[in-house]
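Here is the structure we will look at.
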Amino acid sequence: MGVKMNVVLKVGGTRAQWWKKHMSTLLPEMEVALASERIDHEAIEYAIVWKPDPGWLKTFPNLKCIVSIGAGIDHILCDHELPADVPIIRTTGTDLSVRMREYVTLHVLRLHRRLPEVEAAQSMREWLQIVEPPAHDRRVGVMGLGNLGADCARTLAMIGFDVAGWARSAKSIRGVECFVGDTAKQDFLNRSEILVCMLPLTPDTTGILNEELFAHLPEGAKIINVARGQHLVDADLLAALASRHITAATLDVFDQEPLPDDHPFWDHPNILITPHIASLIDPVAGGERIAMNLRAFIAGEVVPDLVSPGKGY
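In short: position in the sequence shown from 1, add 2, done, that's the working numbering.
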């Protein structure tokens, strides 16, 4: 056996050892070390990361490739000291799509059938019978039609919702009316009674869920954000909820995670908080995709998850 290639793994929390053990099993030809361990920075050739500290990746002078533990790469690109010429591979896969599809469908249905009100009535021992229109009379809008967004839009349409999607470039999704670009954004928002944000985080989309956007939604609209916390202007959402222009929000992502104990979202009766669990990637399914992509990259083969140079998401 030849000299093993060296990989550094950066993932937070209690899952770190789980990731290391599983990746070492999947990549026996590589020496996998955690970022928290003592490592020879010059020997590291590959980095598998989630939310690396700014400036950390530049400390590996012989880095050949960076792998994101997730479909998004904004947590890597936000590093202003990021080595410019190192390729980045995102991690996608069936499990990610399934989990996101489950989450979005669950919470669209929850808001559509007004379950928060039913649950509140139960706590008051009130027999509240709410009759809502059927799904085909409920207009749902999905902002962002990448792989995950398109999959969720398609699924919601299959259930029977009147679904529209909005993206920067033209898309074609069966059963989904697609709006393209800034000129069509207002028409898309005007029809979105339940708005699902699935946009990539870029300079153009940072803060996009704001007072101006909310004003274009129908009175009584509801919001679901499963993209990034930085898409949302927190104060603008609180103001829209206070005015009842927005009547409910489901938030899975936040500007600061974990959400601080004193944040007003915690106690708001019309906000449901979930702790960034919509589509968590695990070492079993995610690790297999990472190992497959890394081996293909090293062999000089096509890697579908390789990010085009200069693309900001």
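C-beta atoms are modelled at their ideal positions from N, C-alpha and C, and glycine is treated no differently.
Here the structure is a predicted model, which is why all the values come from computation and not from measurement.
Problem - Ile161 - containing alpha helix (DSSP H), residue span - result: Asn149 to Ile161
Practice task
Would you mind reading off the limits of the beta strand (DSSP E) that contains Met32?
Solution key: Met32 to Leu36
Handout entry: Closest residue to Leu274 among Met102, Ser26 and Ala251 (Cα-Cα distance)
Key = Ala251
Handout entry: Identity of the residues DSSP links to Ser70 by a beta bridge
Key = Val51
Handout entry: Span separating the alpha-carbon of Asp97 from that of Asn295
Key = 16 Å
Practice task
Put Glu179 into one of helix, strand or coil per three-state DSSP.
Solution key: strand
Practice task
For the beta strand (DSSP E) containing Thr252, list its first residue and its last residue.
Solution key: Ile248 to Leu253
Exercise for the section: Using a threshold of 8 Å, state whether the C-beta atoms of Pro205 and Asp76 are closer than that. Expected result: no
Problem - Spatial neighbours of Leu65 in its chain, beta-carbon cut-off 8 Å, leaving aside the 5 residues before and after - result: Ile46, Glu47, Tyr48, Ala49, Leu59, Pro85 and Val88
Handout entry: Beta-bridge pairing of Gly209 - partner residues as DSSP gives them
Key = Gly209 pairs with nothing; no bridge assigned.
Exercise for the section: Classify Met145 as helix, strand or coil using the three-state DSSP reduction. Expected result: strand
Practice task
Sort Thr208, Arg230, Arg246 and Gly74 by Cα distance to Ala217 and report the nearest one.
Solution key: Arg246
Practice task
Following the continuous beta strand (DSSP E) through Asp164, name the residue where it begins and the one where it ends.
Solution key: Asp164 to Ala169
Handout entry: Whether Asp81 touches Pro56 by CB criterion (8 Å)
Key = yes
Practice task
Would you mind stating whether Thr157 and Thr107 have Cβ atoms separated by less than 8 Å?
Solution key: yes
Exercise for the section: Pick out whichever of Met102, Glu83, His138 and Leu243 has its Cα sitting closest to the Cα of Leu72. Expected result: Sequence inspection shows Gly at residue 72; the Leu mentioned does not correspond to that position. Cα-wise, what sits closest to Gly72 is Met102.
Problem - Backbone CA spacing between Met3 and Ser26 [nearest angstrom] - result: Confidence is the limiting factor: at Met3 the pLDDT is only 45, short of 50, which leaves the residue's position unreliable, though a coordinate-based value still follows. Distance between the alpha carbons of Met3 and Ser26 is about 16 Å.
Handout entry: Beta-carbon proximity of Ala169 to Gly146, cut-off 8 Å
Key = yes
Practice task
Mind checking which residues open and close the alpha helix (DSSP H) that includes Leu11?
Solution key: Note, Leu11: premise wrong, no alpha helix (DSSP H); beta strand (DSSP E) at Met7 to Lys12.
Problem - Neighbourhood of Trp20 by C-beta, 6 Å cutoff - its chain only, sequence neighbours within 5 removed - result: Pro285
Handout entry: According to DSSP, residues forming a beta bridge with Ala321
Key = Since the first residue of the chain shown is 3 and the last is 315, residue 321 is not available in this structure.
Practice task
Can you tell me which of Ala229, Val144 and Ile196 puts its alpha carbon nearest to the alpha carbon of Leu282?
Solution key: Ala229
Problem - Per-residue DSSP class, three states only, for Val110 - result: helix
Practice task
Pull up the DSSP beta-bridge partners for Cys199, would you.
Solution key: Met145 and Asn227
Exercise for the section: Assuming Leu240 contacts Pro266 (C-beta within less than 8 Å), just tell me the rounded distance between them. Expected result: 6 Å
Exercise for the section: Reducing DSSP to helix, strand and coil, say where Leu308 ends up. Expected result: strand
Problem - Straight-line Cα distance separating Cys180 from Ser174 - result: 7 Å
Handout entry: Cβ neighbour criterion (16 or more within 10 Å) applied to Lys6
Key = exposed
Problem - Validate contact between the segment 251-260 and the segment 35-45 using beta carbons, cut 8 Å, 3 pairs - result: no
Practice task
Kindly list the residues whose CB is nearer than 8 Å to the CB of Ala301, restricted to its own chain and excluding five residues on each side of it in sequence; keep chain order.
Solution key: none
Handout entry: The alpha helix (DSSP H) enclosing Ile275, as first and last residue numbers
Key = Premise fails: Ile275 lies in the beta strand (DSSP E), Ile273 to Ile275, not in any alpha helix (DSSP H).
Practice task
Work out the CA separation of Glu195 and Pro118 for me, nearest whole Å.
Solution key: 16 Å
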